[in-house]
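A.B. asks: Numbering-wise (the numbering used here), the sequence shown opens with residue 177 and increments by one.
All C-beta atoms, glycine included, are put in the ideal place defined by N, C-alpha and C.
What you are looking at is a predicted structure, and each value in this text was computed from that prediction instead of being measured.
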Amino acid sequence: MKIITMTMVLVCSLGATSLRAATGAELYAEHCTKCHGEDGKGGTKMGEKVGLKSDLSDAKAQEKMKDEDIVKVIREGVKEKETGKKRMKAYDDLSEGDLKQLVSYVRSLKK
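#1: Under 7 Å, do His207 and Tyr281 count as touching if we go by C-beta distance?
#2: What does a CB cutoff of less than 7 Å around Arg263 pick up in its chain, not counting 5 residues either side in sequence?
#3: Could you please give the first and the last residue of the uninterrupted beta strand (DSSP E) stretch that includes Met264?
#4: Please report how far the alpha carbon of Glu272 lies from the alpha carbon of Ala198, in whole angstroms.
#5: Have a look at Val279 and Ser233 and give me their C-alpha separation to the nearest angstrom.
#6: Using the DSSP secondary-structure output, state which residues sit across from Val254 in a beta bridge.
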C-alpha cells in the first residue's frame, strides 16, 4: 500500500511541475535572446544576420509600442515589406498567459 501511495504522490508531483507557467524571463530566454540578446539591444550574430533594427531596451521605442503591437509581432512574426522575406519567426503557439508574461518582460528591459 505504501508503494502505491508513494508512486501516486510522485506521479502527481511530476505532472504539477510540468504544468507550471513559464515566466516572462524564461520565455524571452527561450524564444528571443538568440536575436534580441539578453539585454534586448539586438547586438547578436543572429540579430545582425537578419538585419534586426529594433532595440527593445530603448525607452523612446517602447513608448511608441502598444502591448497589442508587441503581441501581434510575436504571434505573426515580421516580414520585409519589399521582399516578403521572413525576419522574425511567428510564435503563434504561445498562450495568452505566455504572451502577457513575455510583453511584461520586454517592458522591463526599458532603460
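C.D. replies: The relevant details are as follows:
#1: Translated into positions along the sequence shown, residue 207 becomes position 31. Translated into positions along the sequence shown, residue 281 becomes position 105. No, they are not a contact pair.
#2: Working through the sequence shown from its first residue, we reach residue 263 at position 87. Val226, Gly227, Val254, Lys255, Glu256.
#3: On the sequence shown, position 88 is the one that residue 264 refers to. First-last of the beta strand (DSSP E) with Met264: 262–264.
#4: On the sequence shown, position 96 is the one that residue 272 refers to. On the sequence shown, position 22 is the one that residue 198 refers to. Approximately 12 Å between the Cα atoms of the pair.
#5: Start at 1 with the first residue of the sequence shown, and residue 279 comes out as number 103. Start at 1 with the first residue of the sequence shown, and residue 233 comes out as number 57. The alpha-carbon atoms of Val279 and Ser233 are separated by roughly 13 Å.
#6: By one-based count along the sequence shown, residue 254 stands at place 78. Bridge partners of Val254: Met264.
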